[in-house]
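Under the numbering used here, the first residue of the sequence shown carries the number 1, and numbering increases by one thereafter.
Backbone N, C-alpha and C define an ideal beta-carbon position, used for all residues, glycine too.
Small disclaimer: the values here were computed from a predicted structure and weren't measured.
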Amino acid sequence: MKQTEYGFTKTVGLTFEQAIEKVTEELKKEGFGILTEIDVQATLKNKLDVDFTPYKILGACNPPSAYKALQAEEQIGLMLPCNVIIYVNDAGETVVAAVDPIASMQA
């Protein structure tokens, strides 16, 4: 796993679709559900008629944690849900990345 300016990334030995399934399963095991799924590739094609690499943004949420955070700080909703991205890089490898909550709070 590699830390970047915004979060953590890991190249995985899975196809793009397999990575989406695996990430969703692993998040579920940790009490997270997927609230949103944005297909960036399809959106850019539809709105701008440009070709883009396979790229999805999963908006993950752990309801008890979100509730606790919102009780402590009502504007924390600006940081919710927690985004996880899955994309195919220029080398054709599938990459999974998640936001670093500490870095995002310091931004």
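Contact annotation: the region 88–97 touches the region 3–19, with at least three C-beta pairs closer than 8 Å. Here Thr94 is bridged, per DSSP, to Val12 and Val88. Nearest neighbour of Ile20 by Cα position, chosen from Gly31, Lys45, Ala60 and Leu44, turns out to be Ala60.
Within the same chain, and ignoring the five residues on either side of Ile85 in sequence, the residues whose Cβ sits closer than 6 Å to its Cβ are Ile57 and Ala97.
As the crow flies, the alpha-carbon of Met79 is around 30 Å from that of Gly92.
A residue is called buried when at least 16 other Cβ atoms come within 10 angstroms of its Cβ; Tyr67 does not meet this threshold and is exposed. The C-alpha of Thr24 lies about 21 Å from the C-alpha of Tyr6. Membership of Leu35 in the beta strand (DSSP E) is indicated by the continuous run Gly33 to Asp39. The shortest CA-to-CA distance from Gly31 to any of Pro63, Gly77, Tyr87 and Asp51 is the one to Pro63.
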